[in-house]
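Student: Chains as they are written, first to last, in UniProt numbering: chain A, 1 to 250; chain B, 1 to 579. No residue lacks a Cβ here, since even glycine has one placed at the ideal position from N, Cα and C. For reference, the structure I am asking about is given below.
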Amino acid sequence: MTAVAEAPAASSVVPSFQVTVRLRRFNPESDTEPRWEDHTVTMHGTDRVLDALHKIKWEIDGSLTFRRSCAHGICGSDAMRINGRNRLACKTLLKDLPLDKPITVEPIKGMTVLKDLVVDMDPFFEAYKSIMPFLITSGNEPTRERRQSPEERARYDDTTKCIMCAACTSSCPIYWTDGQYFGPQAIVGAHRFIFDSRDEGAEQRLEILNDRDGVWRCRTTFNCTDACPRGIEVTKAIQEVKRALLFRRV
Amino acid sequence: MQTHKYDVVIVGAGGAGMRAALESGQRVRTAVLTKLYPTRSHTGAAQGGMCAALANVEEDNWEWHTFDTVKGGDFLVDQDAAEVMAKEAIDAVLDLEKMGLPFNRTPDGLIDQRRFGGHTRKHGEAAVRRSCYAADRTGHMILQTLYQQCIKHGVEFYNEFYVLDLLFTEVDGVRRTAGVVAYELATGEIHVFQAKAVVFATGGAGKVYKTTSNAHTLTGDGMAIAFRRGLPLEDMEFFQFHPTGLAGLGILLSEAARGEGAILRNSEGERFMERYAPTLKDLAPRDVVARAMANEVREGRGCGPDKDYVLLDLTHLEPAHIDAKLPDITEFARTYLGVEPYTEPVPVFPTAHYAMGGMPTTVDAEVLADNSQVLPGLYAAGEVACVSVHGANRLGTNSLLDINVFGRRAGLAAAAFASRAPWVELPSSPADETVAQLEGIRDRSDGERVAVIRRELQETMDANAQVFRSEATLKQALSDIQALKARYQNIAVQDKGRRFNTDLLEAVELGFLLDLAEVIVVGAMERKESRGGHFREDYQNRDDVNYMRHTMAYRTGEGVRLDFKPVVVTRYQPMERTF
């Protein structure tokens, strides 16, 4: 990383540095296969990978295409493979990456690339929908809230944090090789309800996940846990679902 | 070009759009068009909570909530609408719980509640615990829960469809809603959706400013489309600057931090809010706190090397308490500023956060075609709308409440209208204007970059139309905007393709932002008083004699024309606003 002094007019010095971004590009309208493209840009102090992508798009090549929205790790739009690891571009600070060599940015794996960093998310959302991701109850609705103790609430807290960015699912080697596997995110989505004391649909969801393309495909590689930008213990959640299936008890 | 036909078309899949879809979708054939996948919507970024006088942890009632909303809004709130919202808040929260929303709980298993800015008991006596919350992820949980319910009820989504125009047809001399024109991002194809009723739930326009808590995609599309079609926009000069954005970045740190006990301090370590709001202190309404912070910086008591921010101090709170109640925002401070909130105060400064103004509606979310007449078949809810429940300054948590109460009402009203209304013919060649606009931009080979104009717009808005405004700064902003609008006529994009052409859509979005910035500034120039989020250095007091009225902005060939309409006052006469 080369430190460059800021313009003398600035009252405090914000360190700036040169970054080379190596992008995996693919435009189905003109390319027959993906290609690599390098851009070197000047970035500052706390800039993130998303800022570098914006700089390239806004100042060098407007056709560079990626999804993003909130830009602070909440909306889940910008999961990408950065230096070979799944991360959110808006949550990955450039200064935390080795800057003496190019930063590689590729689309997440296991999903069809539609253009540059944009992949087809529909199968991912379909997998989520298939595990009945909504509260299932029977009987009459109470007038007031359903009661739930803080301990019962804490039981499924971790998996409520999921932002559906697909970083976990697209880091899973089983998912890469087997298009039928639900993938970690759908299991996280099921876990969130299976362990909710208000919910009565655990049996149905467990039956869905007991399928040959369900939880038993998981080989516990922990890629998903490493990839999750929300810090969800994904592998643990999957193990808890497996255990619930074995003992039929949540 | 494809044509579709639905009873109701909802534009936007944030909280308001999905809440509307849950009502409408179970009654009539409904489609939701959204430029993002639903779970990407900015409702998910809301943190602190949703107020309702459940009285789960202390005495409270909806009338106090109404009063706080009116006073917090500096008496520009339509009081009948605020009453509807505060009353229905209770069911709105309970409905979400029944849908499965994982609220934090009291030891007894009830929905827990905490303090929030401007929410008080007994008309301002002291802060009250009214905000129902799920850690500092309440918006995320609302968005997820509503999406889950939409899956359960089979709501039909068109994801990554950008609505670019609203269609009307005149029937017996009356304009009627006929549908919308949408652009499919994946293919570049144009779709015309014929509909009996259209609900706009497109959110805010924070990207007119440089420093903002808003997503890149919050470009005021719905507001600008309506304005271009001759509909009024109400009270657009009122923009909320949230006190605690991460300094230099604008990323939101919830007011819940102060609700849980965090304190704002200046360079002298002083808890300066004691001087500005002796009773509520750090929990005064947002406009008061934001102005106080900006004033501390202006008077030289800012922190950091450039003395350009103040500090949010959580260091006296137990780390376990912080982890339980404020996990996300403390992680933001660590990730983006490298600050450890357990032990170090966090640099913060006001960030553009919320448009109080928008498309004027009735309490049933019906959009007004002028100062008083409803436009048949058109509805709006959420930040795009102005009911007006927020007046000159929205209270924290009332936006999550607004989207649920008025999103529901919009869905019900649109479905009821569609059940009884006959179909209206589409106008001839309904997509021609949209196609001409898009092709005009795409085909221009040489021209200025969108990003350059957008940056200049955002910079002039930050410099001249932010927390402090004056005749001189607003004139500067207006002349800058008008020059940028002229340059906009000559923009070019580099991506000439059909598929996923976000370059082209950013150009269209910039056009929306330019129109809205002009409306904001023209309204702010005319309002020669200070009220809520609108503060004029040259007119520092509220002027109820001349300005207790809503601004109604219309587009004309010569620019923005302003008209006015009275505020609805029921229970509360304007009083001095001290906290």
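Could you tell me which residues DSSP pairs with B:W62 in its beta bridges?
Tutor: Residue numbering aside, residue 62 of chain B sits at position 62 when the second sequence is read from its first letter. Paired residue(s): none; B:W62 is not in a bridge.
Student: Within the continuous beta strand (DSSP E) that includes B:A195, where are the two ends?
Tutor: For the purposes of this step, residue 195 of chain B is taken as the residue at position 195 of the second sequence. Element bounds for B:A195: 190 to 200.
Student: Of all Cβ atoms in chain B, is any one closer than 7 Å to the Cβ of A:H72?
Tutor: Here residue 72 of chain A corresponds to residue number 72 of the first sequence, with the count starting at 1. Yes, its Cβ sits closer than 7 Å to a Cβ of chain B.
Student: Can you name the residues of chain A whose CB is closer than 8 Å to the CB of B:V493?
Tutor: On the second sequence, position 493 is the one that residue 493 of chain B refers to. Within chain A, the residues near B:V493 are G62.
Student: Residue range of the beta strand (DSSP E) that B:M1 falls in?
Tutor: Position 1 of the second sequence, counted from the first residue, corresponds to residue 1 of chain B. First-last for B:M1: undefined, no H or E at that position.
Student: Beta carbons nearer than 7 Å to chain A: which residues of the segment 305 to 330 of chain B have them?
Tutor: P305, D306
Student: Using a Cβ cut-off of 7 Å (strictly closer), state whether residue 602 of chain B contacts chain A.
Tutor: The requested residue 602 of chain B is not part of the displayed model; chain B covers only 1 to 579.
Student: Who are the Cβ neighbours of B:A507 in its own chain at under 8 Å, not counting the five residues just before and after it?
Tutor: For the purposes of this step, residue 507 of chain B is taken as residue 507 along the second sequence, with counting starting at 1. The beta carbon of B:A507 sits closer than 8 Å to the beta carbons of I441, V450, I491, V493 from its chain, once the five residues preceding and following it are set aside; these are given in chain order.
Student: Please list, in chain order, all residues of the same chain as A:A5 whose beta carbon is under 6 Å from its beta carbon, the five residues on each side excluded.
Tutor: Here residue 5 of chain A is taken as the residue at index 5 of the first sequence, counted from 1. Low per-residue confidence applies at A:A5: pLDDT is 38, beneath 50, and the placement is therefore not dependable, though the value from the model is reported in the following sentence. Hits under 6 Å: none found.
Student: Which bits of chain B does A:T65 rub up against, with CB to CB less than 7 Å?
Tutor: As a first step, residue 65 of chain A is located in the first sequence; it is residue number 65 there, counting from the start. Those are F500, T502, listed as they occur along chain B.
Student: Where do the N-terminal and C-terminal ends of the beta strand (DSSP E) with A:Q180 fall, by residue?
Tutor: Against the first sequence, residue 180 of chain A aligns to sequence position 180. Premise fails: A:Q180 is in no beta strand (DSSP E) and is neither H nor E.
Student: If you follow the beta strand (DSSP E) that B:T106 is in, where does it begin and where does it stop?
Tutor: Counted from its first residue, the second sequence places residue 106 of chain B at position 106. Counting along the chain, B:T106 falls outside any beta strand (DSSP E), and DSSP gives it neither H nor E.
Student: Within 10 angstroms of the Cβ of B:H123, are there 16 or more other Cβ atoms? Answer buried if so, exposed if not.
Tutor: The residue you call residue 123 of chain B lines up with position 123 of the second sequence. Burial call: exposed.
Student: Just how far apart, CA to CA, sit B:V28 and B:A414?
Tutor: One-based indexing of the second sequence puts residue 28 of chain B at position 28. One-based indexing of the second sequence puts residue 414 of chain B at position 414. Put simply, the backbone Cα of B:V28 is about 9 Å away from that of B:A414.
Student: Taking its Cβ as the centre, do 16 or more other Cβ atoms sit within 10 Å of B:D74, making it buried, or is it exposed?
Tutor: Along the second sequence, one-based indexing puts residue 74 of chain B at 74. Per the 10 Å Cβ criterion, buried.
Student: Contact between the segment 547 to 564 of chain B and the segment 265 to 273 of chain B is defined here as three or more beta-carbon pairs at a separation below 8 Å; is this criterion met?
Tutor: no
Student: Over the uninterrupted alpha helix (DSSP H) stretch that includes B:C132, give me the two end residues.
Tutor: Your numbering for residue 132 of chain B matches position 132 in the second sequence. Where B:C132 is concerned, there is no enclosing alpha helix (DSSP H), although the beta strand (DSSP E) it sits in stretches over 126 to 132.
Student: Let me check one thing: in DSSP terms, what residues is B:G377 bridge-paired to?
Tutor: Numbered from its first residue, the second sequence carries residue 377 of chain B at position 377. Note: B:G377 sits in no beta bridge, so no partner.
Student: For B:R40, go through chain A and note every residue whose CB falls closer than 7 Å to its CB, in chain order.
Tutor: Counted from its first residue, the second sequence places residue 40 of chain B at position 40. Here the neighbours are S69, C75, G76, S77.
Student: When DSSP builds the beta bridges, which residues end up paired with B:V8?
Tutor: As a first step, residue 8 of chain B is located in the second sequence; it is residue number 8 there, counting from the start. DSSP output for B:V8 lists B:T30, B:A197 as bridge partner(s).
Student: Would you mind telling me which residues of chain A sit closer than 8 Å to B:P107, beta carbon to beta carbon, in chain order?
Tutor: The residue you call residue 107 of chain B lines up with position 107 of the second sequence. Within chain A, the residues near B:P107 are S149, P150.
Student: Going along the segment 26 to 42 of chain A in order, which residues come within less than 8 Å of chain B, judged by CB to CB distance?
Tutor: The residues in question are N27, P28, E29, S30.
Student: Beta-carbon of B:Q113 versus every beta-carbon of chain A: anything under 7 Å?
Tutor: Locating residue 113 of chain B in the second sequence gives position 113, where the first residue counts as 1. Not one chain A Cβ lies under 7 Å of B:Q113.
Student: Quick one: list the residues of chain B neighbouring A:R87, beta-carbon separation under 8 Å, in chain order.
Tutor: To locate residue 87 of chain A, count along the first sequence from 1; it is residue 87. Residues of chain B passing the Cβ test: none, with the nearest at roughly 12 Å.
Student: How long is the line joining the alpha carbons of B:F116 and B:C51, rounded to whole angstroms?
Tutor: Looking up residue 116 of chain B in the second sequence gives position 116. Looking up residue 51 of chain B in the second sequence gives position 51. Using only the alpha carbons, I get a separation of about 8 Å.
Student: What does DSSP give as the partner residue(s) for B:Y309 in the beta ladder?
Tutor: Here residue 309 of chain B refers to the residue found at position 309 of the second sequence. In DSSP, B:Y309 forms a bridge with B:C303.
Student: From the beta carbon of A:A3, is the nearest beta carbon of chain B less than 7 Å away?
Tutor: Taking the first residue of the first sequence as position 1, residue 3 of chain A is located at position 3. Reliability of the predicted coordinates at A:A3 is poor, the pLDDT of 40 falling under 50, and the value obtained from them is presented with this limitation in mind. Output row for A:A3: interface = no.
Student: Taking the beta strand (DSSP E) that B:L231 belongs to, which residues open and close that run?
Tutor: To locate residue 231 of chain B, count along the second sequence from 1; it is residue 231. No residue range can be given for B:L231, since it is assigned to no beta strand (DSSP E) and is classified by DSSP as neither H nor E.
Student: According to DSSP, is B:W423 part of a helix, a strand, or is it coil?
Tutor: The residue you call residue 423 of chain B lines up with position 423 of the second sequence. If DSSP states are grouped into helix, strand and coil, B:W423 belongs with coil.
Student: Look up A:A127 in the DSSP assignment and say whether it is helix, strand or coil.
Tutor: Within the first sequence, the letter at position 127 stands for residue 127 of chain A. It is helical.
Student: Determine, for A:P8, whether the minimum Cβ-Cβ distance to residues of chain B falls below 7 Å.
Tutor: Along the first sequence, one-based indexing puts residue 8 of chain A at 8. Its pLDDT being 38, under 50, A:P8 is placed unreliably in this model, and the coordinates cannot settle the point.
Student: Could you say if the segment 106 to 115 of chain B and the segment 51 to 67 of chain B meet the contact criterion of at least three C-beta pairs nearer than 8 Å?
Tutor: Three or more pairs of CB atoms, one per stretch, sit closer than 8 Å, so the segment 106 to 115 of chain B contacts the segment 51 to 67 of chain B.
Student: Counting Cβ pairs closer than 8 Å, one from the segment 312 to 331 of chain B and one from the segment 164 to 179 of chain B, do we hit at least three?
Tutor: no
Student: With a threshold of 7 Å on Cβ separation, who are the neighbours of B:G532 within its own chain once the five nearest residues in sequence on each side are excluded?
Tutor: Stepping through the second sequence from its first residue, residue 532 of chain B is reached at position 532. Counting only Cβ-Cβ distances below 7 Å, and skipping sequence neighbours, we find G73, D74, L76, F238, D287, G391, A392, N393.
Student: By the DSSP assignment, the beta strand (DSSP E) with A:E106 in it spans what residues?
Tutor: Within the first sequence, numbered from 1, the residue matching residue 106 of chain A stands at position 106. Its beta strand (DSSP E) spans residues 103 to 106.
Student: At 7 Å on the CB atoms, spell out the chain A contacts of B:K152, in chain order.
Tutor: As a first step, residue 152 of chain B must be located in the second sequence, where it is residue number 152. Residues of chain A passing the Cβ test: F134.
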